[in-house]
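Right, one structure below, let's go through it.
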Amino acid sequence: MEEFNVTAEIRNQTGKNAARRLRAAGKIPAILYGRQEDSVALSLNPKELSAILHSGTGHNTIFSLEIQERGTTSVMIKDWQFDPIKDNLLHADLVRIVMDKALQVKVPITAVGEAKGVKVQGGIFEFVLREVEVECLPSDIPEHITIDVSNLEIGANFRVSDLPLDPKIKILSEADLVVAHVIAPKEEKVPEPAVEAVVAEPEVIKKGKVAEEGEEGEAKPEEKKEKEKK
35 MEEFNVTAEI
45 RNQTGKNAAR
55 RLRAAGKIPA
65 ILYGRQEDSV
75 ALSLNPKELS
85 AILHSGTGHN
95 TIFSLEIQER
105 GTTSVMIKDW
115 QFDPIKDNLL
125 HADLVRIVMD
135 KALQVKVPIT
145 AVGEAKGVKV
155 QGGIFEFVLR
165 EVEVECLPSD
175 IPEHITIDVS
185 NLEIGANFRV
195 SDLPLDPKIK
205 ILSEADLVVA
215 HVIAPKEEKV
225 PEPAVEAVVA
235 EPEVIKKGKV
245 AEEGEEGEAK
255 PEEKKEKEKK
C-alpha cells in the first residue's frame with residue numbers, strides 16, 4: 035500500500051466566511067475526530083487529500099496526519115465534499131484510526147473476464163453492486179475485491195455470499211444481494227402493419243334511371259297527351 039503523509043494546521047476561525055478566505059489562500063477546512071478524543075478544526079492542502087482519494091485504495095487509505103504542535107496520528111478520510119462544477123475539494127472529515135481495533139468500511143468490487151452468457155449466448159452482463167461493506171482491522175482492508183465472471187451464463191448470478199474474501203474480513207452486506215448477473219436480451223416486437231379499413235362507396239342513382247326502372251305498362255307523360263288528342 036502506498037504511503038501518504040499530510041500536514042495540517044489548527045484552524046481557529048470557523049464559519050462560511052472563514053472557509054471562503056481559507057480556500058482563497060489555497061487551503062480547505064477539515065475536521066478531525068474519533069478515538070474518544072475531542073474534535074479538532076484543521077486547515078490543509080487539498081491537493082494532498084485529492085491524491086489520496088484518487089489513489090488505488092481511495093478513501094480507505096490510512097495515512098499519517100502531522101498536525102503542527104500536536105504530533106502525528108494515523109487517520110482515514112471519512113467524508114469529503116467536491117465542488118460540483120469546478121471539481122475542487124471543498125471540505126473533508128478525518129477520523130483517527132486505532133490499528134488494533136476493527137472498523138467498518140466499504141470496499142469496491144472489480145469484475146474480470148468476459149461472461150460466457152455474453153460471449154457465447156448473446157446475453158447482457160449487468161454489474162449491480164459495485165462495493166460491499168466489511169469489518170476488519172485497518173491493516174487488513176483490501177484495496178478491492180476481484181470476481182471472475184467468465185463462467186456466468188444467462189440466468190446465472192454472482193452474490194455477496196460468493197465473494198472471495200480472507201477469513202480475517204467479515205462481510206456486513208446482506209449475503210443474498212446480487213453483485214452481477216447475465217440476463218437474456220429483450221426481444222424487439224415488430225409492429226404489425228396497419229390495416230386500412232375499406233369503406234364501401236354508396237351506390238349513386240343517376241337521374242333518369244328512376245323512370246326507366248318504373249312499373250311496366252305505365253305510359254310516359256308525353257304518350258298520355260297524344261292519346262287524349264286522338
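Each step along the sequence shown adds one to the number in our numbering, with nothing skipped, and position 127 is 161. The C-beta atom is built at its ideal place from N, Cα and C for all residues, glycine as well. If you're wondering where the values come from, they're calculated on a predicted model, not measured in any experiment.
{"Item": "Just the C-alpha distance for N51 and E169, rounded to the nearest angstrom, thanks.", "Value": "39 Å"}
{"Item": "Nearest-angstrom Cα distance between K81 and G90?", "Value": "16 Å"}
{"Item": "Which parts of the segment 70 to 100 are runs of the beta strand (DSSP E), unbroken and 3 residues or longer, counting only runs that do not cross its ends?", "Value": "71 to 78"}
{"Item": "From I96 to L66, what distance separates their C-alpha atoms?", "Value": "14 Å"}
{"Item": "Determine the extent of the beta strand (DSSP E) in which G147 is found, giving its start and end residues.", "Value": "Looking at the DSSP string, G147 is not in any beta strand (DSSP E), and its letter there is neither H nor E."}
{"Item": "Out of R57, L76, E37, L123, which one is the CA nearest neighbour of N46?", "Value": "L76"}
{"Item": "Would you kindly work out how many angstroms separate the C-alpha atoms of K153 and R130, rounded to a whole number?", "Value": "47 Å"}
{"Item": "Can L124 and Q115 be called in contact, C-beta distance under 9 Å?", "Value": "yes"}
{"Item": "Tell me whether R193 sits in a helix, a strand or coil according to DSSP, three-state version.", "Value": "strand"}
{"Item": "Relative to the C-alpha of V194, which residue among I175, V141, D174, G92 is closest?", "Value": "V141"}
{"Item": "Would you mind sorting H88 into buried or exposed? The rule is 16 or more other CB atoms within 10 Å of its CB.", "Value": "exposed"}
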